[in-house]
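Novice: Got a structure for you, questions after.
Protein chains: 2
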Amino acid sequence: MSNSTPATIEDVARIAEVSIATVSRAIHMPEKVANSTRLKVNQAIAITGYTTNAMARSLRLGRSNMILVVAPDIGDPNFSNILVGLENEARAHGYGILIGHTQNDAQRGLEYLKFFNSNQAAGLILFTGILPFGHQTMTARLPPSVGVFEPVFNGGIPYVGVDDTEGARKAVDLLLAEGHRKIAFIGDSRTRLAYTRRRMGYDAGLDAAGIPPDTRIVLEGDGTIESGRHAVEQLFMRDTLPTAFMCVNDQTAIGVMVGLGARGYDIPRDFSVTGFDDVPQAVFISPPLTTIRQPRTAIGKQAMALLLELLSDGRPTETEILLRPDLVVRNSVSAPSRNWSKR
Amino acid sequence: MSNSTPATIEDVARIAEVSIATVSRAIHMPEKVANSTRLKVNQAIAITGYTTNAMARSLRLGRSNMILVVAPDIGDPNFSNILVGLENEARAHGYGILIGHTQNDAQRGLEYLKFFNSNQAAGLILFTGILPFGHQTMTARLPPSVGVFEPVFNGGIPYVGVDDTEGARKAVDLLLAEGHRKIAFIGDSRTRLAYTRRRMGYDAGLDAAGIPPDTRIVLEGDGTIESGRHAVEQLFMRDTLPTAFMCVNDQTAIGVMVGLGARGYDIPRDFSVTGFDDVPQAVFISPPLTTIRQPRTAIGKQAMALLLELLSDGRPTETEILLRPDLVVRNSVSAPSRNWSKR
DNA sequence: ACGATGTATGTAAAGGTTTACATAAGGCTT
DNA sequence: AAGCCTTATGTAAACCTTTACATACATCGT
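Chains as they are written, first to last, in the numbering used here: chain L, 1 to 343; chain S, 1001 to 1343.
Dropping the structure here:
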């Protein structure tokens, strides 16, 4: 039963009194084998506890059953929930998942290429908006890949995410509905497509409400807590103050709230704030943050499903799968206060 | 350079004008090969862009360069930071990491065993206090394994974590120093060794302060937010109320704070609360939670280092590596209020 | 100068699969 | 009943390494 060395296909063949080819076929192309023999083989498998050696199989097939997942930072709160979606879907199809993180270091990204050269991984899930490999290799034969959250620059790589423009639009529409007219946009960036799109949603919302754009209250930022805090400082040094802060993501929103809090303001009484992502912390900070939810587990599942499809079909069916972002209303938004709206 | 099919050891051998055996030796046992030939081989490798096929290598060697990391829940906030420690250390030694999550489902844990049968993984990092495999297989030859956070039941498996008893002691000592005498312990459990040890620290602290144990304010719990909230409800139905809640982990503490908040109490004015773990949320909830920090990245690094050692030496050098838990003081603890200390 | 020792390389087997091709047997058509 | 097609199985090569063993040559001690 549980011998010292794992059973091989030959052990199964001997017990089932067939050839190893038949065993292989009974496992992977059951319809090609007679019922009676299939039965014998299955029994022999049960007796020996045989599992096919994935190494030998991958070697022979020239492809493995592993998917590499590369993120800039595994510690990112957005990461883990995606992972469960990815893992569930992968395992359901007999795939395992391998993880790597680049820390935005191109050299480091390059190291992960070896997983493909050596057939250790069959496909790639990318969390970053850029290819983590150097430029020369970029032109080389890339593994089947799918992006998550953001389209991948220079792509040709399909991606699964949320409709960023629509999500941003929901946030700005909420603020408008509350009566805000001076709405800052914090975290503008042309280097991240997702952020660019959120900005587009913001612009569109303002436009639809007939509010002329005011670039004085549109501030750049890289999506960190610090960038949010910094933006608040900058804004207070200018002549125009908004009544609401629409932030490109939750981290930025947290930074804004910290900055505002440090100046003694109350949210949402004095200022309204919205985020984007719905990170796990969003519900715990005070006040709880009104934000746009990324359906993370679903995104992970879809991304993996798309990749697996790519692996079997070769051609991607879709180049972009956009899930619907939901507005989650908590407590960081209210109508503009009289005082501040006067400014 | 970047041909359609990746270079094999034979390509390298042909170009370097040596045999494939020499190429293999030049790579893996450089000292066994003459300087001149080593040079030729290295050049040939550079020309072809050869990387050794990990599948073939693993097949031949009977072991892979992958480490399987199994956690009950990948979404767990404690998980991700550990992962970066694990991954960094693994990659530095040429290992990759594979992840799986069991969702506390034994059947599911069992599925991961196949990674070892088929030599897809060389070692195992376990996040759960129990072996995720069924009992019969438990006796079977297990892969080299290391536990994280908690000792593994029925183990013989070394583990890396924090000194739970000492950490708990620090928490209870802080509460005692603030003047608390009626300190509840929330989340007692005999099924999780880490929790049992935290309880021991609590007992020891009380004992050292000359306070007789009061089991009426020691409540069971499974470490979830809900269990914390539930404990509060139970406590209010009894005749004895504590002035402080020492919780077995941060989730429980959050639950307690929610429960107390729902009843209109203010923390830390009316009650003090401590947690354990220092999850990412702990700093964002209000009031920010005083808790015991797990040095997660360091734990991950150590655990992987220990496992790799195990893989090469065969024998574990240590059966238990305990890192020092630090008290991180935030804002959920103060002296007991006059009102409540009277009770 | 000869055998012994050591060093550098090559030859070939083994690791466990999958699958193209060959073979055998049974059923069908005429 | 002969030939043909289909279905079920077997044989053997290939995937790419690593390494035990064999070989060739140089060096050393006597």
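Cβ atoms here follow ideal geometry from the backbone N, Cα and C, with glycine treated the same way.
Could you please give the first and the last residue of the uninterrupted alpha helix (DSSP H) stretch that includes S58/L?
Specialist: Its alpha helix (DSSP H) spans residues 54–61.
Novice: Using the beta-carbon of each residue, which ones in chain S are nearer than 9 angstroms to I97/L?
Specialist: L1098, I1099, G1100, listed in chain order.
Novice: Using only alpha-carbon positions, find the residue among A1121/S, M1029/S, K1040/S that is nearest to S1058/S.
Specialist: Comparing Cα positions, the closest option is A1121/S.
Novice: Given this structure, state the Cα-to-Cα distance separating L307/L from Q294/L, to the nearest angstrom.
Specialist: In a straight line, the C-alpha of L307/L is about 20 angstroms away from that of Q294/L.
Novice: Determine whether the beta carbon atoms of V248/L and G187/L lie at a separation below 8 angstroms.
Specialist: Yes. Within cutoff.
Novice: Given a limit of 9 angstroms on CB to CB distance, which residues of the segment 48–59 of chain L reach chain S?
Specialist: The segment 48–59 of chain L vs chain S, Cβ under 9 angstroms: G49, Y50, T51, T52, N53, A54, M55, A56, R57, S58, L59.
Novice: Which residues, taken in chain order from the segment 1231–1252 of chain S, show a beta carbon closer than 8 angstroms to some beta carbon of chain L?
Specialist: Going along the segment 1231–1252 of chain S in chain order, one finds no residue with a Cβ nearer than 8 angstroms to chain L.
Novice: What residue from T1037/S, P1336/S, Y1265/S, R1038/S has the CA that sits closest to V1232/S's CA?
Specialist: When each option's Cα is compared against that of V1232/S, the closest is Y1265/S.
Novice: With V1258/S as the anchor, note down where its alpha helix (DSSP H) starts and where it stops.
Specialist: Segment 1250–1262, the alpha helix (DSSP H) holding V1258/S.
Novice: Going by alpha carbons, who is nearest to N1088/S out of L1323/S, K1301/S, S1312/S, S1332/S?
Specialist: Closest option to N1088/S, Cα to Cα, is K1301/S.
Novice: From the beta carbon of F149/L, is the nearest beta carbon of chain S less than 8 angstroms away?
Specialist: Output row for F149/L: interface = no.
Novice: So, for P77/L: in the same chain, excluding its five sequence neighbours on each side, which residues have a beta-carbon less than 8 angstroms away from its beta-carbon?
Specialist: The residues are V279, P280, Q281.
Novice: According to DSSP, is S145/L part of a helix, a strand, or is it coil?
Specialist: Of the three classes helix, strand and coil, the one that applies to S145/L here is strand, per DSSP.
Novice: When the cut-off is 8 angstroms and only beta carbons count, does I1299/S lie next to chain L?
Specialist: Answer no: the Cβ-Cβ gap between I1299/S and chain L never drops below 8 angstroms.
Novice: If you measure beta-carbon to beta-carbon, which residues of the segment 78–89 of chain L are closer than 8 angstroms to chain S?
Specialist: Those would be F79, S80, N81, L83, V84, E87, in chain order.
Novice: Can you give me, in chain order, the residues of the segment 1103–1117 of chain S that have a beta carbon less than 8 angstroms from any beta carbon in chain L?
Specialist: Listed by position, the residues of the segment 1103–1117 of chain S near chain L (Cβ gap below 8 angstroms) are E1111, K1114, F1115, N1117.
Novice: Any C-beta of chain S sitting closer than 8 angstroms to the C-beta of I9/L?
Specialist: So no, I9/L is outside the interface.
Novice: Helix, strand or coil, according to DSSP, for R1190/S in the structure here?
Specialist: Note: R1190/S maps to coil in three-state DSSP.
Novice: Buried or exposed, going by whether 16 or more other CB atoms sit within 10 Å of the CB of F1115/S?
Specialist: The residue in question, F1115/S, is buried, as its Cβ has 16 or more Cβ neighbours within 10 Å.
Novice: Should F1127/S be flagged as near chain L, meaning a C-beta pair shorter than 8 angstroms?
Specialist: Closer than 8 angstroms: no.
Novice: Of all the CB atoms in chain S, is at least one closer than 8 angstroms to the CB of Q294/L?
Specialist: It does not: the Cβ of Q294/L has no partner Cβ on chain S nearer than 8 angstroms.
Novice: Could you name the residues of the segment 60–78 of chain L whose beta carbon sits closer than 8 angstroms to any beta carbon of chain S, in the order they occur along the chain?
Specialist: Cβ contacts with chain S: S64, M66, D73, I74, G75, D76, P77.
Novice: Which bits of chain L does N1331/S rub up against, with CB to CB less than 7 angstroms?
Specialist: Going along chain L, no residue has its Cβ under 7 angstroms from N1331/S, so there is no contact; the nearest lies around 12 angstroms.
Novice: Let me check understanding here. Comparing Cα to Cα, which of A1013/S, M1246/S, N1053/S lies closest to V1218/S?
Specialist: With distances taken between Cα atoms, V1218/S lies closest to M1246/S.
Novice: So within the segment 25–91 of chain L, which uninterrupted beta strand (DSSP E) runs reach at least 3 residues, ignoring any that extend past its ends?
Specialist: Fully enclosed beta strand (DSSP E) runs of 3 or longer: 66–71.
Novice: Can you tell me whether DSSP reads M200/L as helix, strand or coil?
Specialist: If DSSP states are grouped into helix, strand and coil, M200/L belongs with the helices.
Novice: Less than 8 angstroms between the beta carbons of N53/L and T297/L, yes or no?
Specialist: No, the Cβ-Cβ distance between N53/L and T297/L is not below 8 angstroms.
Novice: A262/L: buried (16+ other C-beta within 10 angstroms of its C-beta) or exposed?
Specialist: Result: exposed.
Novice: Does the beta-carbon of N104/L have 16 or more other beta-carbons within 10 angstroms, so that it is buried, or is it exposed?
Specialist: Flag for N104/L reads exposed.
Novice: Just to make sure I have the definition right: I need the residues of chain L whose C-beta is within less than 7 angstroms of the C-beta of F1284/S. Which are they?
Specialist: In chain order: Q281, F284, I285.
Novice: Let me check one thing: in DSSP terms, what residues is Y159/L bridge-paired to?
Specialist: Answer is G147/L, E320/L.
Novice: So, is the C-beta of Q120/L closer than 8 angstroms to a C-beta in chain S?
Specialist: Yes - at least one Cβ of chain S is within 8 angstroms of the one on Q120/L.
Novice: Mind checking H28/L: buried by the 16 CB within 10 Å criterion, or exposed?
Specialist: Answer is exposed; the Cβ neighbour count stays below 16.
Novice: Could you have a look at H135/L and say whether DSSP puts it in helix, strand or coil?
Specialist: In this prediction, H135/L scores a pLDDT of 46, lower than 50, which makes its location untrustworthy; the coordinate-derived value is nonetheless stated afterwards. In this structure, H135/L counts as helix in the three-state DSSP scheme.
Novice: Between which two residues does the beta strand (DSSP E) containing A121/L stretch?
Specialist: Per DSSP, A121/L belongs to no beta strand (DSSP E) and is neither H nor E.
Novice: Compare the C-alpha of A184/L against each of A208/L, Y50/L, L175/L and name the closest.
Specialist: A184/L has its Cα closest to that of L175/L, out of A208/L, Y50/L, L175/L.
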